[in-house]
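Protein sequence lines, in the order shown, are assigned to chains A, B, C and D.
Per this note's numbering, residue 1 is the first one in the first sequence, and the count goes up by one each step.
Per this note's numbering, residue 1001 is the first one in the second sequence, and the count goes up by one each step.
Per this note's numbering, residue 2001 is the first one in the third sequence, and the count goes up by one each step.
Per this note's numbering, residue 3001 is the first one in the fourth sequence, and the count goes up by one each step.
As structure tokens, the structure follows; a few thoughts come after it.
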Amino acid sequence: MPIAYAHFPYLSSILFSCVAGLLIILFIPEDKKDAIKWVSAVCSGVTLLLSAYLFFAYDKTQGGLQFVEKYQWVPSLGISYYNGADGFGLPMLLLTGIVFFTGVLTMWELETRVKEFFALIFLLVSGVFGMFMSMDLFFIFIWFDVSLFPMYLLIAVWGSTRKEYAAMKLTLYLLAGSALVLPAIIYLVVKSGFHTFDLVALMHPGTFTPFQQKFAFILLYIGFGILAGVWPFHTWSPTGHVAAPTAVSMIHAGVLMKIGAFGVLRVGIFLCPEGWQYWAHLMALLAVIGIVYGVFVGLSQTDLKFVIGYSSVSHMGIVGLGLATVTVEGLNGAVFQMFAHGVMTALFFSSVGYIYDRTHTKSIVELGGLSRTMPVASGYLIVAALTGIGVPCLASFWAELTVFISSFKVYPLYGILAVCALVVSALFMLRVVQRTCYGPPKERFAHLEDVSFKLGIPRMILVSVIVIFGLFPDVMLNMIQTASIPFISGLP
Amino acid sequence: MIVPYSHVIVLAGIVFLMGMFCAVTRRNLIMILLGLEIMLNSGAIAFIGAALRWQLLEGQAIAIFILAIAAAEVSVGLALIVCAYRRKGSVDPGAYN
Amino acid sequence: MTLYSIIFYVLAVLIIASTGLAISRRNLVHAVVYLVISFFGVAMLFYLLGAPFLAALEVIIYAGAIMVLFLFIIMMLKVEAFEERFFPIRQWLPALGMCVIFIVAGAFMILGDPDTRIPLKAAAAEPVAFGHYLFQAHWLAIEIISLLLLIVLVAVLYLGKRKEQYK
Amino acid sequence: MTSTPISNWTVLMTAVTAVLPFVAFLLIMVFTRKNERLSAGLSIGAVSVSLAGALFLIIQYRHLTTSVQYAGKWLVSGFITIPVGFLLDPLSLLMLTIVTVICFLVQIYSLGYMAGDRGFSRYYAFMSLFAWAMISLTLSASLFQLYVFWELVGLSSYLLIGFWYEKFSASEAGKKAFVMTRLGDVAFMLGLLLVLMNLGNLDILKLNSPMVTAVMSPGLITLSALLIFGGVVGKSAQFPLLTWLPDAMEGPTPVSALLHSATMVAAGVFLFARLFPFFSHSATAMTVCLAVGTISMLLSSTMAMVSRDIKQVWAYSTISQLGYMIMGLAAGGYVAGVFHLTTHAGFKALLFLCSGVFIHQYETNDMFDIGRKGGRHLKTPMICMVIAAAALSGLPPFSGFFSKEMIMAQLAGLGNPIWLTAGLAGVFLTAYYAFRLIFIIVFPKEINDEAAQENSAVHGHEETEHHHDREMAWPLVILAAITVVLGFGKKMLQGFLSGRLAGVEEMAGHHSDWLLYVSVSLAVLGLVVTWMEFGRRKAGQIGFVERIPALKSLFLERWYIDRMYRRLLDVVIYRGVSNICTQNDNRVIDGSIDAVCDGTVKSGRMISDLHLSMIQYKLLVMFVAVFFLALYFFF
């Protein structure tokens, strides 16, 4: 893998602006809410700009790791502060930037405990950014956990429906995941005999025997997979979505679940390619079950956020299926789907959040006729739902298409099942749209005001991202291919 | 010829188990103490038997110590029970949680 | 089977039966009385096994002193009046399980050792010889025991006093 | 088949033709939602440019013998390459012209029809979206691109059917349409994937070239052809996925005219025609298609015989005419099918637009009501409607006559007479239900005073909205003219189309005179029967079908197909699988997780009990511990 060192620490600046935001917020008095919000907006905006800059400044002809920064931290243990971005990491960084910025803007109306909220969000997101850019196993694990802990407080304090239960469930699940990841990482580091946590060094082929790879991969897969909502370990995620406040749901579904899938890719697949091939069939099976199961469960939910939660399970199943194909197309599709799904659920949650803030209900039985009273808000919801269905020219269509094609090639039966799930997914998404947006307008929602221009900005950003990447998917796929093609061709 | 030493051991064991059973299952402090007494006594039986088996007086000496300790234990134990009873008005061990 | 062994078995049955009755009585006074019987049996067993002095001590201390102490306390506290939850299942079952493994392990232990099949020869330790032996070989232990008894005496006195007297 | 090199001018022209409506859609959605006139102007402007482009292209390439293809890359991912481009050949040019003409006319018509509606801008935005998708679908050079726009067409159909979303039935119908066509699309997509796996390419020209048989085995071709045909079935509302189309009439009438009769549902037939050589590699697939076309043609004709809803009658007739097209194509009559598609687009759009005028005027869909309220006084639409109905029933000299004749000839050329018989029965039924509607409106039986008063009131109303009428009338006249004239362009069209596929046309030669007479006389017979039952002065206006209750309810209930789907959905999907999965989620997965958690808490309690509570437990534990230690030390 070619490695290009950075002239300027862009990646660290992203992290730095998160941490700086966190510190500045901590020093602003509690009651200056506007100042806190502006600081958050500016700092998150900086991260968005930086990640977008990196996305476009990446040299696709050269490929490999770029913008690398590497400093020894604990030489005796082989731990270094090692950041780098490649074709897999950059889409995720961009996604995090987008979701973070829009998430902050979405919470502009927050009035309770503003300071703590934004501080925790910043903490969480710095973990996420770190996870996506770090190339050192030790730091990957640290960032992974940093991004998990604030979730508990964010849900338990600012959440709604059954929040304590959900927060506890989520935290326990995620910690169970990291309890599997940690031994696997230590196992790999010890068995390698290199005495280093450096991912790139450990990736050297032949470092691990096939048995070690199989063993470590299944641990990593389940450990990170719990976070990615892999089928039987998915139940934390709908519950968590439902309970979390809007921005947290956005970050949670949009980015946190991607951390899981990304962890499988970055640590599991990179270090244990043979283990990956060995377990691929199991991964595909679980993924397909997740796809089909998610839509069917979603079909009978009445809570809007539960519906989205289960659709996430289904969509993350598509990511899993893509990863399981062990092909360039599969990897492309999976990473693209991570990106597309992230933006899509962010849009979904932000519009549902708006509706919930106004109507104080998330039950699709009580809602109805919102297209009359809030045409713009429901318009965003409809766009999100259509993206979820996989309507062409919206980002996730391409991702799903590539995954389907590659899975059809590798696992025909699973491919067919996944394609068939499209019908049901259409049924359940449209059911939601019909129940909430359509129908005669209801009296009790008649006075509600539509999304104002200011509040519309984050949603507009998300919609335009979806449409742009839907119309020009090659921008994203070219980026991912710089990483996936060398990786697959380098496989034994 | 009396009996094999193992029979004595079996007798002591059975008595010990009875004492333990009493100490563990009865919900009454006095009965627990009683169970302890039974167990100590079974120990004494085993020692006496052993003294005869190996024709050594140490066994009997230990048995005498057991007697002394049993006496000491019972007096302290009963005194404690009286104290506890004065405080709580019950001899149920469950009442002292 | 000799006469001695018959006596042993009779005594064994007596001890086990009376102990069993003692631990299963609801009435504490009855329990104590059954236990006294059991101790008499043990005393006779001691005599049989060649420890006449200890048999006497058993009767005097155990049956005489300790049990009477129990009776005093029982009467003082009027504990018979309390309704006791009898053998609650949560305690009973683990205890039973414990007993079962105890018996099984014990049986293995005893049957596995051929040495224990040898019958005991009858003998008796003269009280005088025993006394000499005790004070020659174990004088330090005797002193410690007596010190212990003294401490217990003090402790019991302390515990027995009503707290209000100090205040 | 080779591609001719093309000029940049053509590329630009085609791109503009295709993309401009999309630009209009974006502009309307983002900027001009508040300004209705500007929105309509944008949309109509875009579509008229497209129309001009289409006309330019068809004139430029009128002597086209080989296809013109242009391909750029849309997406490259490993071995998957999705090109974006266009393929100009007689079929796509013809379809492009049809689409743009009808789009243009319908949008003009909608100016009057939709005036004053709250969602005026939204309507035009969706119409532009549809125009974009449909035009791009028509021009697609590869099946991938076609699939993309196929889905987008479905999306705009969904949005437009559910346009009046406040009506529950409308949103329900939109959902139904989307999901049912999705069902077909899944088959379509699987077919695509199958072809892609085996052929490595989804280029339409490649697919149609004879080399396919060398790469794929006959079984594979049949399977993939049938799967792709699944998409056709869904989109063209053929049996068994036909029930969404009648419900789709919940949308505004111009939408029904444009999407659900003339263009979008014809996209299925278009796809079939597009891949005609591919399909003709497999005789089995062709036979299945023929059977599906026949069944849907007959089923929907019978449904149309009893319906009272004017739009539903035309919806059923659309299904049956699409069935005709598929029969024609499946019988090997490429030109016949495409020609019928062309004429059908004209007269069916005309029928819907005329009905739209009645519905707009009298605000009811019931044909008896319209007749009673004086539908015959609206002269222009009435005459146009009669012309169109005559064309529909295949009466000379209207366009439908010629195209249907070709299909009949094609069917007669087949070995098995059953297809021809079915086709002829269809002719009779078509004439019957078409003129039933006409007669009911023209010769109403119970004109009461109240209705007459209302009638005059309506006339007064009409004066005030006169300018709208003009906008609505012009398209009617143009379409009627097309309907009258188009039939005579048969030879020209044939020449144009067969420039592409010279080899396929031999079968059309069996044109025999007796067939002509039989089918025309059957149509006339249908007309006469209708006249006896509905038209003449003493007629009871009760059809012969309606006298048999069992048959009537069977037809009214659409052969119970709808109910079957409903039950299937309710019982299998909702109450079955979905419920089981949900229960599994709540009980099994969450239950076991909760059990693990509770178990942890409970065992924690138990262990803490040993430290906190009963002295006797401590005693017990002590015994156990000592005992095991003893065991450990002794052994």
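Even glycine gets a Cβ: it sits at the ideal position worked out from N, Cα and C.
No experiment lies behind these values; they were computed from the predicted model shown.
- Item | Beta-carbon spacing of threonine 3066 of chain D, methionine 3095 of chain D below 7 Å | no
Legend entry - Against chain D: residues of the stretch 1049-1076 of chain B by CB proximity under 8 Å: none
#### Entry: Residues near aspartate 136 of chain A by beta carbon distance below 8 Å, same chain, minus five either side
Ile79, Ser80, Tyr81, Tyr82, Phe197, Asp198, Leu199
* Could you check the C-alpha separation between leucine 182 of chain A and phenylalanine 397 of chain A for me, to the nearest Å? => 35 Å
ask   = Between the beta-carbon of threonine 3318 of chain D and the beta-carbon of serine 300 of chain A, is there less than 7 Å?
value = no
Exercise for the section: Identify the contact partners of phenylalanine 3623 of chain D in chain B, using a Cβ-Cβ distance below 8 Å as the criterion. Expected result: Met1020, Val1024
Q. Looking at C-beta atoms only, is the number of pairs between the stretch 3574-3588 of chain D and the stretch 295-313 of chain A that lie closer than 8 Å three or more?
A. yes
*asked:* For leucine 1057 of chain B, tell me which candidate among C:Glu2058, C:Phe2053, C:Ile2060 has the shortest Cα-Cα distance.
replied: The shortest C-alpha separation from leucine 1057 of chain B is found at C:Phe2053.
Look at the Cβ atom of leucine 148 of chain A, then the Cβ atom of leucine 123 of chain A, and state whether they are nearer than 7 Å.
No, the Cβ-Cβ distance between leucine 148 of chain A and leucine 123 of chain A is not below 7 Å.
Report yes or no: do three or more beta-carbon pairs, one from the stretch 3297-3304 of chain D and one from the stretch 3214-3226 of chain D, lie closer than 8 Å? no
Could you check which residue in A:Pro375, A:Ile416, A:Met168 has the C-alpha nearest to that of tyrosine 3640 of chain D?
With chain D covering 3001 to 3635 only, the question about residue 3640 of chain D has no answer from this structure.
- prompt: Using 7 Å as the limit for Cβ to Cβ distance, is isoleucine 2023 of chain C near chain B?
  reply: yes
- Query: Contact check, alanine 184 of chain A vs glycine 223 of chain A under 8 Å by CB: the rounded distance?
  - Reply: Indeed, because the Cβ distance is near 7 Å, the residues count as touching under 8 Å.
Within-7 Å CB hit, proline 1004 of chain B to chain D:
no
Beta-carbon contacts of phenylalanine 404 of chain A that lie in its chain and below 7 Å, excluding the five residues immediately before and after: Gly415, Ala418, Val419
Q) With 16 other CB atoms within 10 Å as the buried threshold, where does valine 2128 of chain C fall? A) exposed
*asked:* What does the alpha-carbon distance come out to for the pair alanine 228 of chain A and glycine 2112 of chain C?
replied: 59 Å
- Message: Does chain A have any CB closer than 7 Å to the CB of phenylalanine 3188 of chain D?
- Response: no
What are the residues in the stretch 3587-3606 of chain D lying within 8 Å of chain A by C-beta distance?
Ile3589, Asp3590, Ile3593, Cys3597
Determine the extent of the beta strand (DSSP E) in which tyrosine 71 of chain A is found, giving its start and end residues. 65-74
> Any C-beta of chain B sitting closer than 7 Å to the C-beta of leucine 2159 of chain C?
Replying inline: Under the Cβ distance rule, leucine 2159 of chain C counts among the residues neighbouring chain B, one pair being separated by less than 7 Å.
**Asked** How far does the beta strand (DSSP E) with leucine 3075 of chain D in it reach, from first residue to last?
**Response** 3068-3077
Q. Can you tell me whether methionine 3211 of chain D is buried or exposed, with buried defined as 16 or more other CB within 10 angstroms of its CB?
A. exposed
**Message:** Can you give me the C-alpha to C-alpha distance between tryptophan 158 of chain A and lysine 442 of chain A, rounded to a whole angstrom?
**Reply:** 29 Å
Open item on the list: What does the alpha-carbon distance come out to for the pair phenylalanine 3056 of chain D and alanine 3141 of chain D?
Closed with: 19 Å
Checklist line | Where the alpha helix (DSSP H) through isoleucine 2066 of chain C begins and ends | finding: First-last for isoleucine 2066 of chain C: undefined, no H or E at that position.
Counting only runs that start and end within the stretch 286-335 of chain A, where is the alpha helix (DSSP H) found for 4 or more residues in a row? Taken in chain order, the complete alpha helix (DSSP H) segments of 4 residues or longer contained in the stretch 286-335 of chain A are 304-324.
* To do: Over the uninterrupted beta strand (DSSP E) stretch that includes threonine 3081 of chain D, give me the two end residues.
  => 3080-3088
Original post:
If methionine 3303 of chain D sits next to tyrosine 3316 of chain D, beta carbons under 8 Å apart, how far is it from one beta carbon to the other, in whole angstroms?
Top reply: 5 Å
Exercise for the section: Could you please give the first and the last residue of the uninterrupted alpha helix (DSSP H) stretch that includes alanine 3214 of chain D? Expected result: 3212-3215
ask   = Quick one: which chain D residues come within Cβ less than 9 Å of glycine 450 of chain A?
value = Checking the sequence, you will find aspartate at residue 450 of chain A rather than glycine. What aspartate 450 of chain A touches in chain D: nothing, since even the nearest Cβ is about 12 Å away.
My assumption, with CB atoms under 8 Å, is that leucine 1080 of chain B sits in contact with leucine 2028 of chain C. Please give the rounded CB distance. Separation of the CB atoms of leucine 1080 of chain B and leucine 2028 of chain C is rounded to 17 Å, and the pair is thereby denied contact status at 8 Å.
Pull up the CB-CB distance for valine 3335 of chain D and methionine 3406 of chain D, whole angstroms please, since I reckon it's below 8 Å.
7 Å
Does the beta carbon of phenylalanine 408 of chain A come closer than 7 Å to any beta carbon on chain E?
The structure shown contains no chain E; the protein chains it does contain are A, B, C and D.
_Between the CA atoms of valine 2032 of chain C and glycine 2020 of chain C - distance to the nearest angstrom_ = 12 Å
Helix, strand or coil for glycine 3394 of chain D, going by three-state DSSP, please let me know.
coil
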